[in-house]
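2 protein chains.
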Amino acid sequence: MIIPTLDDVVAAAGRLAGKAVRTPLLNVPVLDEQLGFRLFLKPENLQRTGSFKFRGAYNALSCIEEARRASGVVACSSGNHAQGVAEAARILSMKATIVMPSDAPAIKVERTRRSGADVVLYDRENEDRDAIANDICARDGATFVHPYDNPLVIAGQGTCGLEIAQDLELSGISPDHVLVCTGGGGLTAGVALAIHASFAGAAIHSCEPVGFDDYRRSLEVGRRLANAKASGSACDAILTPSPGEISFAINSALLGQGYAVSDAEAFHAMRIAFNEFKCVGEPGGSVALATALANGREFAGKTVVAILSGGNVDPDLFARVLGGTA
Amino acid sequence: MIIPTLDDVVAAAGRLAGKAVRTPLLNVPVLDEQLGFRLFLKPENLQRTGSFKFRGAYNALSCIEEARRASGVVACSSGNHAQGVAEAARILSMKATIVMPSDAPAIKVERTRRSGADVVLYDRENEDRDAIANDICARDGATFVHPYDNPLVIAGQGTCGLEIAQDLELSGISPDHVLVCTGGGGLTAGVALAIHASFAGAAIHSCEPVGFDDYRRSLEVGRRLANAKASGSACDAILTPSPGEISFAINSALLGQGYAVSDAEAFHAMRIAFNEFKCVGEPGGSVALATALANGREFAGKTVVAILSGGNVDPDLFARVLGGTA
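Residue numbers (the working numbering), protein chains in the order written: chain R, 36 to 361; chain G, 36 to 361.
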């Protein structure tokens, strides 16, 4: 198992320069006064393909050796990783094949195809997506790109944390808490590497949906636990079964306690992102902001950074969230 | 009449460093392929107070001499300039009094008050807001901050154009067209100063709502014309009666033709900003993007920059725009 380090994150930042969006760090001082703590938002909804996933995908794909590039890449994803890999492959003129469940939202399938990827649909109930992906890799000699248990993917996601650290250092501000939306833990691990290097005193936290808090529970006992359910939350982007092996090796060393929030709290965070930060957040991408908003007493007087990790949300759902009927 | 120059814009950028959000320049390559031209979006919805207005307000207020600061500032506005001035005054520990119409949206009055400003409400039908503002200035010795016909305000708005020029130069890209949402023309003039200095060959265009295209018509005849109506568009942020005197002196020298779009086209642009750029745009702030989308044939093969100038929109209206029922 190769564990990425800060050096890998810095190298990834070099590869991503001019390719990924350098997202700003947003702050609304009058909101801070209402909340009782200082809140910075990192809007990765503005990232290419609408989520942070482009960072890791581009870093991983750009490290594939020349001889193997023509054989293309394969990824399994129902959403944001699919789009990230497809777009990175398009930029690097590589063929991408994405294995997506046949019940994936049509808009996500369409957006993945739009980037030029071949989409292979499978039946969630009766087919094994990993077997399908393995078959394609074996047949074509393609490179499999795991959504989080890949050191280059983790290093790429870490560039988000590097930007946060740079912006805070420039302003002379030290964060007390950094909140990260956590599925398999790749973004969390990459951000932890970057933040820990600059701010060893900052507590970094995994943020998950209630009922899918495998990371929170795994951190408590020190080994990887699984979720009982595979679906049943609006936060579709981060419903992974259990922590990744590599990500957990990093996160178990660097993270503080984990948090879990309800769908209703995620929806409230989406409304705050809309009203205060003028950003579009998807439910799963809003759980870190939701964690900040739901734990105001605990964070009182502190400086808190929350990553809005994605904004790929259906307009109908977004309208219902704004109207309070979601 | 003092006409600001590029030097004033550069000086404003120095004052705004670390105070205003350095907004990124967004691009969606696969959208470009669909459109047939290259489109960059400058998301000023992410700016402090949710619109570019903070730039000009902060620049103007920070130039008020020490001896006059204690007497405070006065502004007339029903929306974005109000919030920009109020927030700039809060940061600079100055008193702000904002004269707002009694029928202004409650949320805009509340957001202005939240920044610590005194709000003086007036009756649009029976009272003269300029007279009220003048009275306050005479009584308190306060400084009046015009929303666009003020050289420091124009220079501050120009920092948005300076950032666009810097980002494009860094990428080695020359814009063919720069589209700016135009009310009184302050943002347009400031952006024109900055863009013209770096890209003399770029055509800079005013973008207005149909029926409120005073700038488009004024540019055609070379003198300032007024609109027939004062209301009747969803683009409330940019329904000014006629071009500003200072802004027109700059714009008539530097601008190409003007454009006008319908409310329906502005709403379509809001949906594109949501789906493709994950940004919240208000109707008036979306007319530049709407102009790009509505004139695809004219812009074919070109590089186009559109400024999304603000995102202060009511959630109910936004939900209706997403649902196609606005």
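Positions of the beta carbon are idealized from the N, C-alpha and C atoms, including for glycine.
Identify the contact partners of residue i in chain G, using a Cβ-Cβ distance below 7 Å as the criterion.
i, result
"arginine 57 (chain R)", "Pro59"
"phenylalanine 309 (chain R)", "Val315 and Pro350"
"asparagine 80 (chain R)", "Lys313"
"glycine 346 (chain R)", "Lys313"
State the Cα-Cα distance for the pair residue i and residue j, rounded to the nearest angstrom.
i, j, result
"valine 245 (chain G)", "histidine 303 (chain G)", "15 Å"
"alanine 105 (chain G)", "threonine 40 (chain G)", "29 Å"
"cysteine 172 (chain G)", "serine 287 (chain G)", "32 Å"
"serine 344 (chain R)", "valine 215 (chain R)", "8 Å"
"glutamate 204 (chain G)", "cysteine 195 (chain G)", "14 Å"
"serine 86 (chain G)", "glycine 119 (chain G)", "8 Å"
"glutamate 333 (chain G)", "arginine 259 (chain R)", "57 Å"
"alanine 301 (chain R)", "glutamate 79 (chain G)", "25 Å"
"alanine 299 (chain R)", "glutamate 68 (chain G)", "38 Å"
"threonine 58 (chain G)", "asparagine 94 (chain G)", "17 Å"
"valine 63 (chain R)", "alanine 238 (chain G)", "35 Å"
"alanine 177 (chain G)", "phenylalanine 89 (chain G)", "19 Å"
"leucine 324 (chain G)", "phenylalanine 179 (chain G)", "32 Å"
"isoleucine 167 (chain G)", "serine 97 (chain G)", "24 Å"
"arginine 252 (chain R)", "threonine 223 (chain R)", "15 Å"
"leucine 81 (chain R)", "asparagine 169 (chain G)", "43 Å"
"cysteine 242 (chain G)", "aspartate 249 (chain G)", "10 Å"
"glutamate 162 (chain G)", "leucine 197 (chain R)", "54 Å"
"glutamate 160 (chain R)", "lysine 264 (chain R)", "14 Å"
"glutamate 101 (chain R)", "proline 350 (chain R)", "40 Å"
"aspartate 138 (chain G)", "valine 348 (chain G)", "16 Å"
"serine 150 (chain G)", "leucine 127 (chain G)", "12 Å"
"alanine 52 (chain R)", "alanine 46 (chain R)", "10 Å"
For residue i, which residues from the same chain have a beta carbon less than 8 Å from its beta carbon, with the 5 sequence-adjacent residues on both sides left out?
i, result
"alanine 335 (chain R)", "Gly71 and Phe72"
"isoleucine 38 (chain G)", "Pro186, Ile281, Ala284 and Ile285"
"alanine 261 (chain R)", "Asp249, Pro276 and Ser277"
Taking C-beta pairs closer than 8 Å, name the residues in chain R that residue i reaches, listed in chain order.
i, result
"glycine 358 (chain G)", "Pro350, Asp351 and Ala354"
"serine 206 (chain G)", "Gly53"
For residue i, report the span of its beta strand (DSSP E) as first-last.
i, result
"histidine 212 (chain R)", "212-216"
"glutamate 243 (chain R)", "238-244"
"alanine 110 (chain G)", "108-111"
"alanine 261 (chain G)", "Run containing alanine 261 (chain G): none; DSSP gives neither H nor E here."
"alanine 131 (chain R)", "131-136"
"arginine 73 (chain G)", "73-78"
"isoleucine 342 (chain R)", "338-343"
"alanine 190 (chain R)", "Segment 186-206 is the alpha helix (DSSP H) holding alanine 190 (chain R); no beta strand (DSSP E) there."
"valine 315 (chain R)", "Note, valine 315 (chain R): premise wrong, no beta strand (DSSP E); not H, not E."
Excluding the five sequence neighbours on either side, which residues of its own chain have a C-beta within less than 7 Å of the C-beta of residue i, listed in chain order?
i, result
"arginine 355 (chain R)", "Ala361"
"alanine 272 (chain G)", "Gly114, Asn115, Gly218, Glu317, Gly319, Gly320 and Gly345"
"serine 233 (chain G)", "Ala200 and Glu204"
"arginine 83 (chain R)", "Ala55, Val56, Phe89 and Glu122"
"alanine 269 (chain R)", "Asp298, Ala301 and Pro318"
"valine 154 (chain R)", "Ile133, Met135, Val144, Thr147 and Arg148"
"alanine 329 (chain R)", "Val296 and Glu300"
If I follow the unbroken alpha helix (DSSP H) through residue i, where does it start and stop?
i, result
"tyrosine 250 (chain R)", "249-256"
"leucine 324 (chain R)", "322-329"
"alanine 288 (chain R)", "280-289"
"aspartate 175 (chain R)", "164-175"
"tyrosine 93 (chain G)", "88-97"
Whose C-alpha, out of the options, is nearest the C-alpha of residue i?
i, options, result
"lysine 77 (chain R)", "R:Arg83, R:Ile189 and R:Leu61", "R:Leu61"
"aspartate 165 (chain G)", "G:Val315, G:Cys111, G:Leu352 and G:Cys314", "G:Cys111"
"valine 340 (chain G)", "G:Gly257, G:Val226, G:Leu352 and G:Gly359", "G:Val226"
"aspartate 158 (chain R)", "R:Ala323, R:Pro278, R:Pro136 and R:Ser253", "R:Pro136"
"methionine 36 (chain R)", "R:Gly91, R:Asp184, R:Asp170 and R:Gly49", "R:Asp184"
"serine 209 (chain R)", "R:Val348, R:Phe75 and R:Leu228", "R:Phe75"
"arginine 174 (chain G)", "G:Gly107, G:Ile99 and G:Val45", "G:Gly107"
"asparagine 310 (chain R)", "G:Ala48, G:Glu160 and G:Cys314", "G:Cys314"
"leucine 289 (chain R)", "R:Leu274, R:Leu254, R:Ile307 and R:Pro276", "R:Leu254"
"glycine 49 (chain G)", "G:Gly207, G:Ala117 and G:Gly191", "G:Gly191"
"isoleucine 307 (chain R)", "R:Gly291, R:Gly359 and R:Ser277", "R:Gly359"
Starting from residue i, find everything on chain R with Cβ-Cβ shorter than 7 Å and list it in chain order.
i, result
"valine 65 (chain G)", "Arg149 and Ser150"
Residue i touches chain G at which residues, Cβ-Cβ below 9 Å?
i, result
"glycine 119 (chain R)", "Chain G residues near glycine 119 (chain R): none, gap ~13 Å exceeds 9 Å."
Closer than 8 Å by beta-carbon distance: list the chain G residues that pair up with residue i, in chain order.
i, result
"leucine 85 (chain R)", "Here the sequence assigns glycine to residue 85 (chain R), which means leucine is not the residue at that position. What glycine 85 (chain R) touches in chain G: Lys313."
Considering only residues of the same chain and omitting the five flanking positions on each side of residue i, which have a CB-CB separation below 6 Å?
i, result
"serine 266 (chain G)", "none"
"valine 188 (chain G)", "Gly91, Ala95 and Gly221"
"aspartate 211 (chain G)", "Lys337 and Thr338"
"alanine 131 (chain R)", "Val108, Val120, Ala121, Ala124 and Ala152"
"leucine 228 (chain G)", "Leu41, Val44 and Gly193"
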